[in-house]
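In my numbering, the protein residues as written are 55 to 201.
Reading through the structure tokens given below for one structure.
What follows is the structure, given as structure tokens:
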């Protein structure tokens, strides 16, 4: 375990994923509650995900979930080697800049069911402009290094 000071959002995530079988299992938590917990405790989700890596907890945003894996459960295959139904959002690969993000998001939305679109629209409409800006910033920071 890391000796650095952890915050309540990190501790909450650690508690939730361990309760759900981590590290033996890959655990997925809903994005919005994780994001809201980070906001509540005055930290950003990318910072929390980076700090969790110090404890060998690797978090990744996949759709409307945050997936947590232990080092042993990390999939090192290239995206094209993964099964098509793995739940990965392959569009994220091209989302390193704003134009790429917009185009990739548009492509991904074309593959969503009407129910998924309605859920995403409802979630975005409920966010403040600051939250929307933070999510865009988080995506660009998180996936820019993954080129």
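C-beta atoms are modelled at their ideal positions from N, C-alpha and C, and glycine is treated no differently.
key: Distance, residue 82 Cα to residue 177 Cα   = 18 Å
query = Does DSSP put residue 124 in a helix, a strand or coil?
reply = strand
request  = Figure out for me which residue from 192, 118 and 127 has the closest Cα to the Cα of residue 175.
outcome  = 118
ask   = Which of helix, strand or coil does DSSP assign to residue 67?
value = helix
message = Under DSSP, the beta strand (DSSP E) around residue 112 begins and ends at which residues?
response = 111-116
request  = Check whether the Cβ atoms of residue 62 and residue 89 lie closer than 9 Å to each other.
outcome  = no
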